[in-house]
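So the sequence lines, in the order shown, correspond to chains R and P.
Position in the first sequence counted from 1, then plus 88, gives you our numbering.
Position in the second sequence counted from 1, then plus 17, gives you our numbering.
We put the CB at the ideal spot given by N, CA and C, even for glycine.
What you are looking at is a predicted structure, and each value in this text was computed from that prediction instead of being measured.
Working notes, beginning with the structure itself.
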Amino acid sequence: MIECTTTELQDLLPDFVTGALDDITMSRVTSHVSRCQACTEELVVLRAVRAARPRVPMPDVQQIVAALPTRQRPGRGAMFGRSAWRMAAALGIIIAGGASLQLARRGLVSVPPVPERPGTTDGAPLVANTPTFDTAETVAVRAPIGVSGVSMSYGDLTDLSEDELQRMLERLDKWDGATSTEPLPGVPLSVTAGGGIL
Amino acid sequence: MIDATQQEDASLDRALIEQWKAGDQRAATSIVERHAEALARFAGRLGVTDDVDEVVQDTFIRAFAAMDSFRADASLRTWLFTIERRLVIDRRRAQSRRGHHVEIDDAHAISGFDALDALMADEAAQRVARAMARLTRMQRDVFTLRVQEGRSYKEIAEILGSTEGSARVHYHNAMRAVREYLDD
Chain R
89 MIECTTTELQ DLLPDFVTGA LDDITMSRVT SHVSRCQACT EELVVLRAVR
139 AARPRVPMPD VQQIVAALPT RQRPGRGAMF GRSAWRMAAA LGIIIAGGAS
189 LQLARRGLVS VPPVPERPGT TDGAPLVANT PTFDTAETVA VRAPIGVSGV
239 SMSYGDLTDL SEDELQRMLE RLDKWDGATS TEPLPGVPLS VTAGGGIL
Chain P
18 MIDATQQEDA SLDRALIEQW KAGDQRAATS IVERHAEALA RFAGRLGVTD
68 DVDEVVQDTF IRAFAAMDSF RADASLRTWL FTIERRLVID RRRAQSRRGH
118 HVEIDDAHAI SGFDALDALM ADEAAQRVAR AMARLTRMQR DVFTLRVQEG
168 RSYKEIAEIL GSTEGSARVH YHNAMRAVRE YLDD
């Protein structure tokens, strides 16, 4: 059996038989086959095999189509369907989470205006509604009536004088037993000279 | 180099698939018309004799149900052949489990192929069929897909779950065997 040495073109013989080659390649193969006995013989076999392609009855197309799953035409309902609602819900969660995070980072505590209490000596009595000893940030609080321009802060001990510190310690001794995480209702605080609350 | 016609076929298939996805059921009819006969022929080569129509129908049902997973750069007919072959293997396994005696080796495929002889009109065609019946199952599948269905080695490897190199070797061995038989 004679062998072809141009295997690149020999490989294309089945495509040549089925007519799947473009014009330029078809011409190259035609030219090669005219000079190659091995490819000429192979081409005879390929044409015989191709011609022997069995003829089968065409299946019932309508029956097959009737059994196929149907595809819904995409419409307005599909556009604003479950996916859209899921996206809206996810967006809402992200916004709520972001806002919460932002508030937590700012650490702002809104302290409502405190009504003046009769019988206090410095004229600016306050009641601590929220324990804020765990923060070092200064929180601006609207000054009570009659003490405008006085700024106050929580937890800044460096502003206190020796006497003020001593008084605060004495008061703390009286509160011994109260849990540190609970507010201390009814304990009056006074504004210090440095703006702190005592 | 190759595929002036096949590329047109592929783009037409893609267009029909998009139309069907958009809700046009007529596109499904066109797709079935284009590929049903080739699938029936391939089912015969896989050894299916009695229920070819059912196999072809089930192949289309599976394909349309999974159409979203079809790669746009692939050939639809190659994909359909792959589905049909898996379907035939699944059916044979199921029949085996139910206790039916089903041959799934070469002998079965040969008897299935022989059944097609009756459909071949002339003596030359029957002689080719006898030559091909002597091939191993893999050689015959590769050879018919390459010569009669015009599939590339890459597509054949995809359909048969093999490699391109292996398909090429099987083709050349099949060609040598058929030529020797026909030359005698």
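Chain P residues whose Cβ lies nearer than 8 Å to that of residue i
{"i": "R/E130", "result": "M192, R196"}
{"i": "R/V133", "result": "M192, V195, R196, L199"}
{"i": "R/V105", "result": "V164"}
Neighbour-count burial assignment, residue i, 16 or more Cβ in a 10 Å radius
{"i": "R/E130", "result": "buried"}
{"i": "R/E91", "result": "exposed"}
{"i": "R/P142", "result": "buried"}
{"i": "R/I112", "result": "exposed"}
{"i": "P/T180", "result": "exposed"}
{"i": "R/Q98", "result": "buried"}
{"i": "R/L257", "result": "exposed"}
{"i": "P/A135", "result": "Unreliable placement is indicated for P/A135, whose pLDDT of 49 sits below 50; no coordinate value is reported for it."}
{"i": "P/R62", "result": "buried"}
{"i": "P/D85", "result": "exposed"}
{"i": "P/G64", "result": "buried"}
{"i": "P/S169", "result": "buried"}
{"i": "P/L177", "result": "buried"}
{"i": "R/V121", "result": "buried"}
{"i": "R/T158", "result": "exposed"}
{"i": "P/T161", "result": "buried"}
{"i": "P/G182", "result": "exposed"}
{"i": "P/D139", "result": "exposed"}
{"i": "P/R193", "result": "exposed"}
{"i": "R/R164", "result": "At R/R164 the pLDDT is 49, less than 50, meaning the model places this residue with poor confidence; the figure from the coordinates comes in the next sentence. R/R164 comes out exposed."}
{"i": "R/T106", "result": "buried"}
{"i": "R/A178", "result": "exposed"}
{"i": "P/D30", "result": "buried"}
{"i": "P/Q74", "result": "buried"}
{"i": "R/T218", "result": "Per-residue confidence for R/T218 stands at a pLDDT of 43, beneath the threshold of 50, marking its modelled position as unreliable; the derived number appears in the next sentence. Exposed, since its Cβ has fewer than 16 Cβ neighbours within 10 Å."}
{"i": "P/R43", "result": "exposed"}
{"i": "P/G167", "result": "buried"}
{"i": "R/D251", "result": "exposed"}
{"i": "P/D158", "result": "buried"}
{"i": "P/A17", "result": "Here chain P has residues from 18 to 201 only, and residue 17 of chain P is not among them."}
{"i": "R/L253", "result": "exposed"}
{"i": "R/D261", "result": "exposed"}
{"i": "P/E197", "result": "exposed"}
{"i": "R/D103", "result": "buried"}
{"i": "R/G237", "result": "Annotation note: pLDDT 45 at R/G237 (below 50); position unreliable, coordinate value reported separately. With fewer than 16 other Cβ atoms within 10 Å, it is exposed."}
Chain-ordered neighbours of residue i on chain R, where CB pairs are closer than 7 Å
{"i": "P/W37", "result": "R159"}
{"i": "P/F81", "result": "L156, P157"}
{"i": "P/F77", "result": "I152, L156"}
{"i": "P/G61", "result": "P142, V144"}
Contacts of residue i in chain P (Cβ-Cβ under 9 Å)
{"i": "R/L97", "result": "Under the 9 Å cutoff, chain P gives no residues; its nearest Cβ is about 11 Å from R/L97."}
Presumed contact (8 Å Cβ cut-off) between residue i and residue j, rounded CB distance
{"i": "P/A53", "j": "R/I152", "result": "7 Å"}
{"i": "R/C127", "j": "R/L101", "result": "6 Å"}
{"i": "P/A57", "j": "R/V144", "result": "4 Å"}
{"i": "P/V49", "j": "P/A60", "result": "Actually they are not in contact, since the Cβ atoms of P/V49 and P/A60 sit about 14 Å apart, beyond 8 Å."}
{"i": "P/H189", "j": "P/M155", "result": "Contact flag wrong, Cβ pair sits at about 13 Å."}
{"i": "P/R144", "j": "P/L199", "result": "7 Å"}
{"i": "P/Q165", "j": "R/R138", "result": "6 Å"}
{"i": "P/A191", "j": "P/L152", "result": "5 Å"}
{"i": "P/E101", "j": "P/T76", "result": "4 Å"}
{"i": "P/A148", "j": "P/V195", "result": "5 Å"}
{"i": "R/P147", "j": "P/D70", "result": "5 Å"}
{"i": "R/A140", "j": "P/A142", "result": "4 Å"}
9 Å Cβ cut-off: residues of chain R touching residue i
{"i": "P/V206", "result": "There is no way to answer for residue 206 of chain P, as the model of chain P reaches only from 18 to 201."}
{"i": "P/Q42", "result": "V153, L156, T158, R159"}
{"i": "P/V69", "result": "V144, P145, P147"}
{"i": "P/R58", "result": "R141, P142, R143, V144"}
7 Å Cβ cut-off: residues of chain P touching residue i
{"i": "R/V149", "result": "T46, V49, E50, A53"}
heavy atom of the ligand FAD below 7 Å from residue i C-beta
{"i": "P/L56", "result": "The ligand FAD is absent from the structure shown, which contains no ligand whatsoever."}
Neighbouring residues, chain R, relative to residue i (Cβ below 8 Å)
{"i": "P/V73", "result": "P147, I152"}
{"i": "P/A141", "result": "A136, A139, A140"}
When you compare the stretch 91-99 of chain P with the stretch 166-182 of chain P, are there three or more beta-carbon pairs, one atom per stretch, that lie closer than 8 Å? yes
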